[in-house]
Amino acid sequence: MVDRSRREFLKKTATGAAAAVIPFANVRIPVIDVTVEELLQSHYKEMSEEEKQRVIERLKKEYKEKYGIDATIKTTPPKEGVVWGYALNIQKCIGCRRCVYACVRENNQSRANPKEPWRGEIQWIRVLEFEKYEIHPGGKARDFRTKFGEVLAGINLEESEHYYYPEQVPEKDKFYMPIQCQQCERPPCVKVCPTKATWKEPDGIIVVDYNWCIGCRFCIAACPYWARRFNWSDPYIPPEEINPRMHYLGNRIRMRGVVEKCTFCIQRTREGRYPACVEICPVGARKFGNLLDPESDVRKVLEKKRVFRLKEELGTHPKFFYFID
Amino acid sequence: MMEIRVATGLVILFILLSAPGAVNAKPEFAEKTGESCTVCHPGGPPELGPAGEYYKKYGTLEGYGELPAGEAEPGGRCNVCHAQFAPNPVPRELSGAPTTPNHRFELKHGDGRFWCLTCHNPVNRDTLRLFNGTEIPFESSPLLCGQCHGPIYEDWKDRIHGRWVGNISNPTPDVVCTDCHNPHDPSFKPITPEKPPEKPPEPWNEIPNYPIYAFLVLALSVLLALYAAWR
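Residue numbers (this note's numbering), protein chains in the order written: chain A, 1 to 325; chain B, 326 to 556.
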């Protein structure tokens, strides 16, 4: 038997409480530094269209006050019959980092603060540089050596450098491998989130509702690809560098204490445009498209090229493919 | 004998001096640019070709070889000069050819088996020519490159090679082969990388009195270990 009286009591109490809070909606709570309205905001997936509009209006006002910009914040839903996939040609990549900074500008990532450069800087793409082993026959004497000694050759994927800064790239005997969110089909970061602030959208993109993120960073620990970044401090973005074309789940300006990540430029791709990193790549190493469309760029790569996925053995099934010619 | 030579020289000098424009223009032009006369006077002096007009207007040939904004592809001007000469199919050093646009470069394509007329049309220099003799405009250069680089051309058509922009479901090529690869020296040239991410500071630079703390922690661990061993 359902206890109707109790259910109704709870319902009425909740409605009453919500109504009582309305006059205090704009009051900013000290210490945690959020408004009452922000604190009581629903999860993105549970919001009605009116609620979304209300939140967007609030954010627009906030950005106008704080940065003096007129932002457009969209909530474009995923398209039917689309699952995004990405392919990166590691044979072509020259490690120039153009993608890193195109991503930073497009997605309003926190820049290096001139006062404390290392504290606030966030970059979603990290380019790793690998060194090729030289062949040194007869180096170490081991029991299982051939008559040529131990011949070490090839590359070592365990040792990489991401602070490299030569005058010109590519360097001789080096190769480069950019890593970013792999948009796993079975994402461990989503599994561990205690507030369900991060989830997989129907078009395969893992997104974060920044207002529901409590900053526990479990997802950062769970991600095997080093793809998530945490806002340790208030983001530092010069107002003239802010990209005003935003998506609620993508490049809207984040706050201190939340986690962010690559969304395949959700604000672009949901409107049919290529991600910023794909458009900027000077060697055309980055390919993007709909995995369900046999004629898309990515499907052509999967059909014609030798493809591998990073840490395939973990069973995360990334939708980010590396390939060689 | 000597007298005849001197006399001939004087006659030549007189002829040159009687054409004052040519004598005045040549040294100044040669000093400034190191070019030959035919650059400005493709049909012979005193008529000016487009390069001559450019020089007259700006006093320099700098920027002449570059494409003016709005002109999509090169190849619109070659015939201005080349229509005057009969094509010479013999591969040779182009030491007398103008450098604006540059004709005197080292061809680093085809491992020495190529020559200008491998790709450029000998009969109409404003176009390119395929192996089967078909004349194609400069804009269609991928057809020409695809004759040797078949698999890459196929990849380009499938949008795996090169850069494509526009709508994801219907992209257009942002660039064709020759926009990224100089056809006379096609290997991709190294470029300057963007700066690396900021390195977090080392703790001993960041925390004041770090060595003291480090020593205390170490000493405590040693004492604990000794105590554990003694018990």
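Every residue, glycine too, gets a C-beta built ideally from N, C-alpha and C.
Item to check | Status (buried if at least 16 other CB within 10 Å, exposed otherwise) for A/LYS92 | outcome: The count along the first sequence starts at 1 and reaches residue 92 of chain A at position 92. Buried, by the Cβ-count rule.
Checklist entry - Does the distance from the C-beta atom of A/PRO178 to that of A/LEU310 stay below 8 Å? => result One-based indexing of the first sequence puts residue 178 of chain A at position 178. One-based indexing of the first sequence puts residue 310 of chain A at position 310. Contact flag unset, no.
Checklist entry - Would DSSP call B/GLU461 helix, strand or coil? => result Residue mapping note: residue 461 of chain B aligns to position 136 of the second sequence, counting from 1. According to the sequence displayed, residue 461 of chain B carries Ile and not Glu. DSSP places B/ILE461 in strand when its eight states are reduced to three.
Item to check | Contacting residues, own chain, Cβ-Cβ under 7 Å from B/GLY487 (five flanking each side not counted) | outcome: The count along the second sequence starts at 1 and reaches residue 487 of chain B at position 162. Excluding positions up to five away in sequence, the list reads TRP481, PRO498, VAL500.
Item to check | Collapsed DSSP secondary structure at A/LYS11 in the structure displayed | outcome: Sequence index remark: in the first sequence, residue 11 of chain A carries index 11 (1-based). Three-state DSSP puts A/LYS11 in a helix.
Next on the checklist: Quick check on DSSP: helix, strand or coil for B/GLU396?
Outcome noted: On the second sequence, position 71 is the one that residue 396 of chain B refers to. Because B/GLU396 sits at a pLDDT of 47, beneath the cut-off of 50, its placement in the model cannot be relied upon, and the following sentence gives the value as read from the coordinates. Three-state result, B/GLU396: coil.
Next on the checklist: Spatial neighbours of B/GLU396 within its chain, please: C-beta separation below 6 Å, excluding the five flanking residues on both sides.
Outcome noted: The residue labelled residue 396 of chain B in the question sits at position 71 within the second sequence. The predicted position of B/GLU396 is uncertain, since its pLDDT is 47 and thus under 50; a value taken from the coordinates is nonetheless stated next. Correct list: empty, nothing qualifies.
Item to check | Integer Cβ distance of A/VAL192 from A/ILE206, believed to fall under 8 Å | outcome: Locating residue 192 of chain A in the first sequence gives position 192, where the first residue counts as 1. Locating residue 206 of chain A in the first sequence gives position 206, where the first residue counts as 1. That belief does not hold up - the Cβ atoms of A/VAL192 and A/ILE206 are roughly 12 Å apart, past 8 Å.
Item to check | Neighbourhood of B/THR503 by C-beta distance below 7 Å, restricted to the same chain and skipping five residues each side | outcome: Indexing the second sequence from 1 puts residue 503 of chain B at position 178. Counting only Cβ-Cβ distances below 7 Å, and skipping sequence neighbours, we find SER466.
Checklist entry - When Cβ atoms are compared, which residues of the stretch 97–124 of chain A fall closer than 7 Å to chain E? => result In the structure shown, chain E cannot be found, because the protein chains are A and B.
Checklist entry - What span of residues does the alpha helix (DSSP H) with B/ASN492 cover, start to end? => result Here residue 492 of chain B refers to the residue found at position 167 when the second sequence is read from its first residue. No alpha helix (DSSP H) contains B/ASN492, which is instead part of the beta strand (DSSP E) from 489–492.
Checklist entry - In chain B, which residues lie less than 8 Å from A/PRO187 when you measure between Cβ atoms? => result Against the first sequence, residue 187 of chain A aligns to sequence position 187. Here the premise fails: no neighbours, minimum Cβ distance about 23 Å.
Checklist entry - Using a beta-carbon distance below 8 Å, is B/HIS486 in contact with chain A? => result Start at 1 with the first residue of the second sequence, and residue 486 of chain B comes out as number 161. For B/HIS486, a Cβ of chain A is located within less than 8 Å of the residue's own Cβ.
Checklist entry - Do A/GLU121 and B/GLU523 come within 8 Å of each other at the CB atom, strictly closer than that value? => result In the second sequence, counting from the first residue as 1, residue 523 of chain B sits at position 198. In the first sequence, counting from the first residue as 1, residue 121 of chain A sits at position 121. Yes, the Cβ-Cβ distance between B/GLU523 and A/GLU121 is below 8 Å.
Checklist entry - How about A/VAL82 and A/LEU249: do their beta carbons lie closer than 8 Å? => result For the purposes of this step, residue 82 of chain A is taken as the residue at position 82 of the first sequence. For the purposes of this step, residue 249 of chain A is taken as the residue at position 249 of the first sequence. Going by C-beta atoms, A/VAL82 is not nearer than 8 Å to A/LEU249.
Next on the checklist: Can you give me the C-alpha to C-alpha distance between A/ALA20 and A/LYS11, rounded to a whole angstrom?
Outcome noted: Residue mapping note: residue 20 of chain A aligns to position 20 of the first sequence, counting from 1. Residue mapping note: residue 11 of chain A aligns to position 11 of the first sequence, counting from 1. Their Cα atoms are separated by approximately 14 Å.
Item to check | Residue span of the beta strand (DSSP E) that contains A/ARG126, given as start and end | outcome: Counting from one through the first sequence, the residue named residue 126 of chain A turns up at place 126. Note, A/ARG126: beta strand (DSSP E), 126–133.
Checklist entry - Taking any Cβ of chain B, which residues in the stretch 162–179 of chain A have a Cβ under 9 Å from it, in chain order? => result HIS162, TYR163, TYR164, TYR165, PRO166, GLU167, GLN168, VAL169, PRO170, GLU171
Item to check | Identity of the residue in A/HIS162, A/ILE220, A/CYS181 nearest B/PRO518 by Cα | outcome: Locating residue 518 of chain B in the second sequence gives position 193, where the first residue counts as 1. With distances taken between Cα atoms, B/PRO518 lies closest to A/HIS162.
Item to check | Buried or exposed (CB count within 10 angstroms, at least 16 for buried), B/PRO393 | outcome: In the second sequence, counting from the first residue as 1, residue 393 of chain B sits at position 68. Because the pLDDT at B/PRO393 is just 48, under 50, the model does not fix this residue reliably, and the value given afterwards should be weighed accordingly. Answer is exposed; the Cβ neighbour count stays below 16.
Item to check | Listed by chain order, chain B residues near A/TYR274 by CB distance under 7 Å | outcome: Start at 1 with the first residue of the first sequence, and residue 274 of chain A comes out as number 274. Neighbours of A/TYR274 on chain B, chain order: VAL490, ILE493.
Checklist entry - What first and last residue would you give for the beta strand (DSSP E) that runs through A/VAL307? => result Residue mapping note: residue 307 of chain A aligns to position 307 of the first sequence, counting from 1. Unbroken beta strand (DSSP E) run through A/VAL307: 306–308.
Checklist entry - Can you list the residues of chain B that A/LYS319 reaches, using a CB-CB cut of under 8 Å? => result The residue given as residue 319 of chain A occupies position 319 in the first sequence. Counting only Cβ-Cβ distances below 8 Å, A/LYS319 has no contacts in chain B at all, with the closest Cβ about 15 Å away.
Item to check | Whole-angstrom distance between A/ASN251 and A/GLY16, CA atom to CA atom | outcome: Reading the first sequence from its first residue, position 16 is the one you call residue 16 of chain A. Reading the first sequence from its first residue, position 251 is the one you call residue 251 of chain A. Going by the C-alpha atoms only, they are around 35 Å apart.
Next on the checklist: If I measure Cβ to Cβ from B/GLY471 and keep anything under 6 Å in the same chain, skipping five residues before and after, which residues do I get?
Outcome noted: Start at 1 with the first residue of the second sequence, and residue 471 of chain B comes out as number 146. Excluding sequence neighbours, B/GLY471 sits near TYR478.
Next on the checklist: Residues of chain B with CB closer than 9 Å to the CB of A/ASP297, please, in chain order.
Outcome noted: As a working mapping, residue 297 of chain A is identified with position 297 in the first sequence. Correct list: ASP483, ARG484, ILE485, TRP489, ILE493, PRO496.
Checklist entry - Tell me which same chain residues have a C-beta within less than 7 Å of the C-beta of A/ALA285, skipping the five on either side of it? => result Counting from 1 along the first sequence, the entry for residue 285 of chain A is found at position 285. Counting only Cβ-Cβ distances below 7 Å, and skipping sequence neighbours, we find LEU88, ASN89, LYS92, CYS93.
Next on the checklist: Since A/VAL100 and A/TYR176 should fall inside the 8 Å C-beta cutoff, what is the C-beta to C-beta distance between them, to a whole number of angstroms?
Outcome noted: Within the first sequence, numbered from 1, the residue matching residue 100 of chain A stands at position 100. Within the first sequence, numbered from 1, the residue matching residue 176 of chain A stands at position 176. Going by Cβ atoms, the distance from A/VAL100 to A/TYR176 rounds to 12 Å, so no, they are not a contact pair.
Checklist entry - Looking at C-beta atoms only, is the number of pairs between the stretch 435–453 of chain B and the stretch 262–272 of chain A that lie closer than 8 Å three or more? => result no
Checklist entry - So what does DSSP say about A/LEU314, is it helix, strand or coil? => result Locating residue 314 of chain A in the first sequence gives position 314, counting from the first residue. Helix at A/LEU314.
Item to check | Minimum Cβ-Cβ distance from B/ILE516 to chain A less than 8 Å | outcome: For this step, residue 516 of chain B is matched to residue 191 along the second sequence. With 8 Å as the cut-off, B/ILE516 counts as an interface residue toward chain A.
Item to check | Whole-angstrom distance between A/LYS74 and A/GLU49, CA atom to CA atom | outcome: The count along the first sequence starts at 1 and reaches residue 49 of chain A at position 49. The count along the first sequence starts at 1 and reaches residue 74 of chain A at position 74. About 12 Å.
Next on the checklist: Any beta carbon from chain B within less than 8 Å of A/THR15's own beta carbon?
Outcome noted: In the first sequence, counting from the first residue as 1, residue 15 of chain A sits at position 15. A/THR15 does not count as touching chain B.
Next on the checklist: Below 7 Å on C-beta distance, what does B/LYS524 contact in chain A?
Outcome noted: Counted from its first residue, the second sequence places residue 524 of chain B at position 199. Chain A residues near B/LYS524: TRP118, TYR163.
Checklist entry - From A/ASP234 to A/LYS305, what does the alpha carbon distance come to, in whole angstroms? => result Taking the first sequence and counting its residues from 1, the one referred to as residue 234 of chain A is at position 234. Taking the first sequence and counting its residues from 1, the one referred to as residue 305 of chain A is at position 305. Answer to the nearest angstrom: the Cα atoms are 43 Å apart.
Checklist entry - Going by beta carbon distance, what residues of the same chain come within less than 7 Å of B/CYS403, once the five residues before and after it are set aside? => result The residue you call residue 403 of chain B lines up with position 78 of the second sequence. Excluding residues within five positions, the ones whose Cβ falls inside 7 Å are ARG450, ASP451.
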